[in-house]
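Chemist: Dumping the structure here so I can ask a few things about it.
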Amino acid sequence: AAEGGERWVKSVCRYCGTGCGLYVGVRDGKVFAVKGDRDNHNRGLLCLKGFLLPQIMSAPDRCLHPLVRKGGKLVRASWDEAMSLVARRFREAVDAHGPGAVGFYGSGQGLTEETYAANKLFKAGLRTNHVEGNPRLCMASAVGGYLSTYGKDEPMGCYEDLDHADVMLLVGSNAAEAHPILFERMARRKQTGKDVKVVVLDPRRTPTARIADLHLSFTPGTDLAILNAMANVLVAEGLVDEAFVKAHVAFGEGKDVNRAWEDYRAFLAPYTPVRAAELSGARAGDIVTAARWFGEKGRTATSMWCMGLNQRTRGVWANNLVHNLHLLTGKIGLPGSTPLSLTGQPNACGGVRDGGALSHLLPYGRLIANEKHRAEMEKLWNVPPGTIQPENGKPTMDLFQALEQGDLKALYVMTTNPAQSLPNVDRYRKALEARKAFLVVTEAFHPTRTSELADVVLPAALWAEKEGVYGCTERRYQLLEQAVRPAGEARPDFAILCDLAARLGHGALLPWKGPAEAWDEILTLSKGTAYDFTGMTRARLAASHGLLWPLPAEGHPGTKRRFVKGEDPLVPADAPDRIRFYGRPDARAVIWLRPQQPPAEVTDAAYPLVLTTGRVIEHWHTGTMTRNCKELRHANAESVVELHPDDGKPLGIRTGDEVRVSSRRGAETFKAKLVDGARPGTVFVHMHDPQRMCNRLTIDAVDPVSKQPEFKICAVKIEPI
Ligand code: MGD
Ligand code: SF4
Numbered sequence: 104a105a106e107g108g109e110r111w112v113k114s115v116c117r118y119c120g121t122g123c124g125l126y127v128g129v130r131d132g133k134v135f136a137v138k139g140d141r142d143n144h145n146r147g148l149l150c151l152k153g154f155l156l157p158q159i160m161s162a163p164d165r166c167l168h169p170l171v172r173k174g175g176k177l178v179r180a181s182w183d184e185a186m187s188l189v190a191r192r193f194r195e196a197v198d199a200h201g202p203g204a205v206g207f208y209g210s211g212q213g214l215t216e217e218t219y220a221a222n223k224l225f226k227a228g229l230r231t232n233h234v235e236g237n238p239r240l241c242m243a244s245a246v247g248g249y250l251s252t253y254g255k256d257e258p259m260g261c262y263e264d265l266d267h268a269d270v271m272l273l274v275g276s277n278a279a280e281a282h283p284i285l286f287e288r289m290a291r292r293k294q295t296g297k298d299v300k301v302v303v304l305d306p307r308r309t310p311t312a313r314i315a316d317l318h319l320s321f322t323p324g325t326d327l328a329i330l331n332a333m334a335n336v337l338v339a340e341g342l343v344d345e346a347f348v349k350a351h352v353a354f355g356e357g358k359d360v361n362r363a364w365e366d367y368r369a370f371l372a373p374y375t376p377v378r379a380a381e382l383s384g385a386r387a388g389d390i391v392t393a394a395r396w397f398g399e400k401g402r403t404a405t406s407m408w409c410m411g412l413n414q415r416t417r418g419v420w421a422n423n424l425v426h427n428l429h430l431l432t433g434k435i436g437l438p439g440s441t442p443l444s445l446t447g448q449p450n451a452c453g454g455v456r457d458g459g460a461l462s463h464l465l466p467y468g469r470l471i472a473n474e475k476h477r478a479e480m481e482k483l484w485n486v487p488p489g490t491i492q493p494e495n496g497k498p499t500m501d502l503f504q505a506l507e508q509g510d511l512k513a514l515y516v517m518t519t520n521p522a523q524s525l526p527n528v529d530r531y532r533k534a535l536e537a538r539k540a541f542l543v544v545t546e547a548f549h550p551t552r553t554s555e556l557a558d559v560v561l562p563a564a565l566w567a568e569k570e571g572v573y574g575c576t577e578r579r580y581q582l583l584e585q586a587v588r589p590a591g592e593a594r595p596d597f598a599i600l601c602d603l604a605a606r607l608g609h610g611a612l613l614p615w616k617g618p619a620e621a622w623d624e625i626l627t628l629s630k631g632t633a634y635d636f637t638g639m640t641r642a643r644l645a646a647s648h649g650l651l652w653p654l655p656a657e658g659h660p661g662t663k664r665r666f667v668k669g670e671d672p673l674v675p676a677d678a679p680d681r682i683r684f685y686g687r688p689d690a691r692a693v694i695w696l697r698p699q700q701p702p703a704e705v706t707d708a709a710y711p712l713v714l715t716t717g718r719v720i721e722h723w724h725t726g727t728m729t730r731n732c733k734e735l736r737h738a739n740a741e742s743v744v745e746l747h748p749d750d751g752k753p754l755g756i757r758t759g760d761e762v763r764v765s766s767r768r769g770a771e772t773f774k775a776k777l778v779d780g781a782r783p784g785t786v787f788v789h790m791h792d793p794q795r796m797c798n799r800l801t802i803d804a805v806d807p808v809s810k811q812p813e814f815k816i817c818a819v820k821i822e823p824i
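For the sequence shown, position 425 matches number 528 in the working numbering, and the numbering has no gaps at all.
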């Protein structure tokens, strides 16, 4: 990037999965402002977090030089000393204990090229499949839902569908705080469309529920019953699109697609609105209304969901049940009708899900367990047959448990802060504090709750200091251009990984001069897959304001709606119907029979309240970045426990009182805030405060399919201090 003068460099917001386009203003080599990109989907709008991005670049706790632990303390070191140590310790771990002794833990915030570089180095170079990332905590259940229902990951619809939606069903999504600019689009549609209905299913009366025509509050964990009851109403009231179901749907239970329509009807029969109401605490009449609005013939319906469904021990099932509503009514693949999972992070889709940077995946829909896929990747990566290990690596919680047990000897953490963000976090902090593994953390800030425990901290270039691609919720890929030089001695993660590869003797695997060359390689890996974005050259990305895959050729405009004839290039032009679910061999999507099941931990006399956790609008995840903005720091930075007056008053708790919240795993103190919008019996704490960590309380039980932990539900008690 040139120094001096004033320039505006095209980029993307660093934070949420909305992926707002923006321009970075550079003066005298520094980021001085950002402004929204009017030609992008966000129409020039940014939320407060995005708008305040410039402040994070020069924050006082930016990590400016490498640090190495000596005599128990992290002390300044040269790049060469730090990198030599990292390479040596990883090599020693592999030599002494085999490839399974090392691992990588990345992020849905890493740029696609850097995540790709790590995935390739670890799977094809170090030959370990212990490659994981925080999308396991975030989107794994959504992936499981898309895969089991349609046979392919990622949403089929797009943001534009919101502009045509007559009904918007939000389940377990507080979009007003977690996806503010997308929420603005929903609110705009509600204001300008004719009789547009918004239905919100959420235990809390969140800011999102404020625009709802109908808010269904319920006991956390009972929404599977509600979603089944909605399906029951659709069937009972003749709101099923029978022709669509006959042509495009199959039925499944457990793991097998071996059920019939009659089985499904029988399965649904007990889920009457009255029974679901008894189970959930929602009103039966509201369940009926929600179903009628969703199913009304001739009107469109879009559903959106996020962590409220995904962060559950039955997250995949809950996802399946939302898809069921669309498949029953045929409200899918039409403008305004789509099941749109909202992604938590700016590049969980592009970098980790699509790029296959999880312990069971290979790039672009390929699986480690599939011999043909491994062979294909070995050829593409130009490594000898048999290089990629045939067994899946360990999913996130298992990986940290392997560290706890002493089986994992070295871990490389990039763009994530697990010693704050993992559930039941004290358990894993203890293992890290006991130095059970050699821990390398690449970080833009220091100290964080993870970098403070590291053996080596490598200073990472932040956001506008580097270039790369982000892929957000709607399959939209966008290029972030480098605007300024990295602060201090910081280096882009991409360059750090290339350096490490060379020191480990795997330089030939990561031979690129920069991310653009890696991108060219990535394009070739997508060719012929369901993701095919071969036409998204660097030059085209640079000239565009986001492109939606599939995009198989340079001249192709991109795909707004997958599986749809005339839009998706993978559907043959002579396909008999408007839609073809080509993800599954029978080209049908699956309606799954998924019963209500309780969460991993239910309340009892000792722990009588449900704790649920999540985001607030002002902050991002573990707060390392947003707490550096003074306006945001003054707004809602400290975690408080929100509870209903009916829960607080009997305990003599008033707003502002210090209270102790405990679960079977740990305890933390918070100030109390009594709010009418809380559901009696359910308390809420945000996850952004490194001093008051809600993850001391959360449970590390996981969904058996997606392996995603249940951050949204555990049992706690509250005591005044
Ligand atoms: P972040 O704060 O996003 O949290 O949790 P984390 O990923 O652990 O961490 C990103 C880190 O990367 C920050 O420390 C930041 O300073 C650093 N960083 C920023 N830019 C760069 C860069 O370019 N390079 C490098 N190397 N570092 C950089 C998120 C996780 O939390 C997620 S995704 C979810 S969905 C979970 N949600 C959740 C919840 O809802 N409730 C509770 N209780 N816990 C949760 N934990 C999970
Ligand atoms: Fe950034 Fe999300 Fe706000 Fe858009 S909505 S400006 S992507 S934080």
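The C-beta atom is built at its ideal place from N, Cα and C for all residues, glycine as well. The structure displayed is predicted, hence computed values, not measured ones.
#1: Tell me whether N237 counts as near the ligand MGD, meaning its Cβ is closer than 7 Å to at least one heavy atom of that ligand.
#2: Any heavy atom of the ligand SF4 inside 7 Å of the beta-carbon of G122?
#3: Have a look at E570, R691, L511 and flag the residue whose alpha-carbon is nearest the alpha-carbon of F207.
#4: Report yes if the C-beta distance between V808 and G247 is below 8 Å; otherwise report no.
#5: Which partner residues of F321 appear in the DSSP bridge assignment?
#6: Using 7 Å as the cut-off, classify the Cβ of K223 as near or not near the heavy atoms of the ligand SF4, replying yes or no.
#7: Reducing DSSP to helix, strand and coil, say where Y374 ends up.
#8: What's the C-alpha gap between E216 and L317?
#9: Look at the alpha carbon of G610 and the alpha carbon of M410, and state the distance between them as a whole number of angstroms.
#10: Can you give me the Cβ contacts of A519 inside the same chain, cut-off strictly under 6 Å, excluding the 5 residues immediately before and after it?
#11: Taking 7 Å as the cut-off, is the beta-carbon of H724 closer than that to any non-hydrogen atom of the ligand MGD?
#12: Residue range of the alpha helix (DSSP H) that M407 falls in?
#13: For H906, count the other beta carbons within 10 Å of its own beta carbon; 16 or more makes it buried, fewer makes it exposed. Which is it?
#14: Per DSSP, what kind of secondary structure is L330 in: helix, strand or coil?
#15: Would you tell me roughly how many angstroms separate the C-alpha atoms of G439 and L330, rounded to the nearest one?
#16: So is Q508 buried or exposed if we call it buried at 16+ other beta carbons inside 10 Å?
#17: Suppose contacts are defined by Cβ-Cβ distances below 8 Å. Is R477 in contact with L464 by that definition?
#18: Can H282 be considered in contact with the ligand SF4, in the sense that its beta carbon sits closer than 7 Å to one or more heavy atoms?
#19: Using only the heavy atoms of the ligand MGD, determine whether one of them is closer than 7 Å to the beta carbon of E546.
#20: When you compare the CB positions of S406 and T322, do they come within less than 8 Å of one another, or not?
#21: Kindly identify the DSSP beta-bridge partner or partners of G174.
#22: Out of curiosity, what's the CA-to-CA distance linking T392 and W484?
#23: With C-beta atoms as the reference, is A204 less than 8 Å away from V197?
#24: I believe V112 touches A586 by the beta-carbon criterion, under 8 Å. Please report the beta-carbon distance rounded to the nearest angstrom.
#25: Can the beta-carbon of I816 be found less than 8 Å from the beta-carbon of V744?
#26: Following the continuous alpha helix (DSSP H) through W190, name the residue where it begins and the one where it ends.
#27: Distance, Cα to Cα, R230 vs L556?
#28: What residue does the alpha helix (DSSP H) around S244 start on, and which one ends it?
#29: State the beta-bridge partners of V516 as determined by DSSP.
#30: Give me the Cα-Cα distance between C119 and H282, rounded to the nearest whole angstrom.
Modeler: Well, looking at it:
#1: Result yes, Cβ under 7 Å from the ligand MGD.
#2: yes
#3: Here the closest residue by C-alpha is L511.
#4: yes
#5: F321 is not bridged to any residue.
#6: no
#7: Reduced to three states, the DSSP call for Y374 is coil.
#8: 43 Å
#9: 39 Å
#10: In the sequence under discussion, the amino acid at residue 519 is Thr, which differs from the Ala named in the question. Same-chain partners within the cutoff: S210, N237.
#11: yes
#12: Counting along the chain, M407 falls outside any alpha helix (DSSP H), though it belongs to the beta strand (DSSP E) covering 404-408.
#13: Examination of residue 906 is not possible in this model, given that the chain is present from 104 through 824 alone.
#14: helix
#15: 20 Å
#16: exposed
#17: no
#18: yes
#19: yes
#20: no
#21: DSSP output for G174 lists no bridge partner at all.
#22: 54 Å
#23: yes
#24: 4 Å
#25: No, they are not a contact pair.
#26: Sequence inspection shows Ala at residue 190; the Trp mentioned does not correspond to that position. Counting along the chain, the alpha helix (DSSP H) containing A190 begins and ends at 182-200.
#27: Straight across, the Cα-Cα distance linking R230 with L556 is about 26 Å.
#28: 243-253
#29: Y208, V544
#30: 7 Å
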